[in-house]
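Here the UniProt record's numbering = 1-based position in the sequence shown + 1.
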Amino acid sequence: AHQWRGVIEEYRDRLPVSTDTPVVTLGEGGTPLVAAQWLSEQTRCEVWLKVEGNNPTGSFKDRGMTLAISLAAQAGDKAVVCASTGNTSASAAAYAVRAGMLPLVLIPAGRIAKGKLAQAIVHGAKLVSIDGGFDDCLRIVRELGKNYPVALVNSVNPVRLEGQKTAAFEVCDALGDAPDLHVLPVGNAGNIAAYWKGYQEYAKDKVSSRAPRMWGFQAEGAAPIVRGAIVERPETKATAIRVGNPASWTLAEAARDESGGLIEAVSDDQILSAQRELAAREGVFVEPASAAGVAGLLAAREAGTLDGGQTVVITVTGHGLKDIDTALSSALPVESPVTPADTDEVARVAGLV
Ligand code: F0G
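Have a look at this one:
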């Protein structure tokens, strides 16, 4: 019987590993490409969702982390450090302890979703809550990595992007070619760069016939690339992408320009509405940031800037259970009175009679 072996073994010949590299894996990657029926009807395109919430710690970060931690283990590192809006810290914690290393994570105090906080805690990370935003955390971990015996596993570490590019390989392998258009959220801007790298490699080696246009979406209150300037106090309910000075800014612009794509902003209302529609119509529950791509595609359809008939892949980056507080607070108020344990009563309350 075949079992998916994780992205390093599945794509070993395209990754910077050797036979000496100890592979630290939780079986990441191999995530489903789900046909999106409602979105396809809405857009008159063939829309697919790359559901990255199905990764071991519930986000796409695991693809890069298996590589970063494996190479840190090979180098003999004893501790790793990262800054995070939540998902990177959850992933770093899980993979680090699996390799017997100490994970140290810096997070913006009070601004990460509870599910992600729980993950860092249960995996045993040394957690430091910073009085500041993600950008402050990133600045500090860069300095820690330079001056102390800890390996930096943020996406400024280029091996993270090497691991994350495998998602583009999987899309091409599943569809038989690259899509016309790839849509995804943009925060610290590593993932859009990673996908672009993966698509370009497959096109160059003629595994696929082309590379897609890349469409990235930032949250309106945290849209430095769209505005062309650092955002000092980024704000959005999509906390995962609350980033004012993305580390991979230049790489993201290159992905946009070389692919003939775009990077635009969507509002929190558009993001939360897309999150609800995705859950209620497609059966796919994602965290708020993960819905930014869906929101962007729907906005483009609305504005008449999306041609029909295209094959479109949207990466939904993280699982909805990461952040149930935002989901519940943005849901329509649901009255759920306590009902007597009586079948006829239940039938009445449920509106069956
Ligand atoms: N979606 C989710 C769920 C994320 O957690 C992130 C980034 C992104 C999208 C944006 O990806 O940064 O590569 O452009 N989260 C980082 C973190 C910042 O710390 O977990 P990006």
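Each residue gets a CB set at the ideal place from its N, CA and C atoms; glycine is no exception. As the structure is a computational prediction, the values presented were derived from the model and not from experiment.
Measuring from the CB of residue i, is there a heavy atom of ligand 1 at a distance below 8 Å?
i, result
"K62", "yes"
"E288", "yes"
"G101", "no"
"V232", "no"
"G87", "yes"
"N158", "no"
"T318", "yes"
"G188", "yes"
"S291", "yes"
"S260", "no"
"V191", "Contrary to the premise, residue 191 reads as Gly rather than Val in this sequence. Yes, the Cβ of G191 comes within 8 Å of a heavy atom of ligand 1."
"I272", "no"
"S249", "yes"
"V244", "yes"
"S130", "no"
"A328", "no"
"residue 1", "Nothing about residue 1 can be reported from this structure: the residues present for the chain run from 2 to 354 only."
"F135", "yes"
What is the residue span of the beta strand (DSSP E) that residue i lies within?
i, result
"S331", "Segment 325-331 is the alpha helix (DSSP H) holding S331; no beta strand (DSSP E) there."
"I231", "Unbroken run through I231: none, as it is neither H nor E."
"G217", "214-220"
"P186", "182-186"
"K207", "Here K207 belongs to no beta strand (DSSP E), and DSSP marks it neither H nor E."
"V313", "312-317"
"L34", "34-36"
Based on Cα-Cα distance, which residue from the options lies nearest to residue i?
i, options, result
"Q103", "A121, L16, R112", "Strictly speaking, residue 103 in this sequence is Leu, with Gln absent from that position. When only C-alpha atoms are compared, the closest one is A121."
"C138", "G294, A175, V184, A248", "A248"
"V129", "V123, A110, R143", "A110"
"I231", "T240, V244, T237", "V244"
"S149", "A91, K166, V81", "Correcting the residue type first, residue 149 is Tyr in the shown sequence and not Ser. Nearest of A91, K166, V81 to Y149, Cα basis: V81."
"A36", "G305, V285, G229, A119", "V285"
"residue 355", "R99, S90, K62", "A question about residue 355 goes unanswered here, because the residues of the chain that appear run from 2 up to 354."
"A281", "R228, Q201, E53, A328", "A328"
"R257", "T312, A212, L72, V267", "A212"
"V184", "E265, F170, G7", "E265"
"G261", "P289, D181, A275, A224", "D181"
"A73", "P341, T22, L34, A255", "T22"
"E283", "F61, T32, W39, G28", "W39"
"E171", "G59, G30, I9, H3", "G30"
"L153", "K198, W49, S90", "S90"
"T251", "A195, Q276, R302, V25", "A195"
"K198", "A169, W216, S41", "A169"
"G142", "P33, V106, G164", "Looking at the sequence itself, residue 142 is Val, so the reference to Gly does not match. Nearest of P33, V106, G164 to V142, Cα basis: V106."
"V160", "H320, V317, A296, V8", "V8"
"R45", "V313, A342, H320", "V313"
Look up residue i in the DSSP assignment and say whether it is helix, strand or coil.
i, result
"P109", "strand"
"M66", "helix"
"K51", "strand"
"E265", "strand"
"S90", "helix"
"C138", "helix"
"A84", "strand"
"P159", "helix"
"K127", "strand"
"A281", "helix"
Between residue i and residue j, what straight-line distance do the alpha-carbon atoms span, to the nearest angstrom?
i, j, result
"K147", "S85", "18 Å"
"A126", "A94", "6 Å"
"R64", "Y203", "18 Å"
"V187", "K117", "19 Å"
"T240", "G87", "8 Å"
"T344", "S337", "16 Å"
"K207", "Y200", "11 Å"
"V350", "V339", "10 Å"
"A253", "K62", "17 Å"
"D308", "P289", "26 Å"
"I242", "A76", "31 Å"
"residue 1", "S19", "There is simply no residue 1 to check, as the chain begins at 2 and stops at 354 in what is shown."
"E259", "E42", "29 Å"
"E144", "D132", "17 Å"
Could you give the first and the last residue of the continuous alpha helix (DSSP H) run that contains residue i?
i, result
"K79", "Taken as a continuous stretch (DSSP letters only), K79 belongs to no alpha helix (DSSP H), as it is neither H nor E."
"T344", "344-350"
"G294", "293-304"
"T167", "167-176"
"I9", "8-11"
"V339", "Taken as a continuous stretch (DSSP letters only), V339 belongs to no alpha helix (DSSP H), as it is neither H nor E."
"V123", "115-123"
"L353", "Neither: L353 is in no alpha helix (DSSP H) and is coded neither H nor E."
"A256", "250-260"
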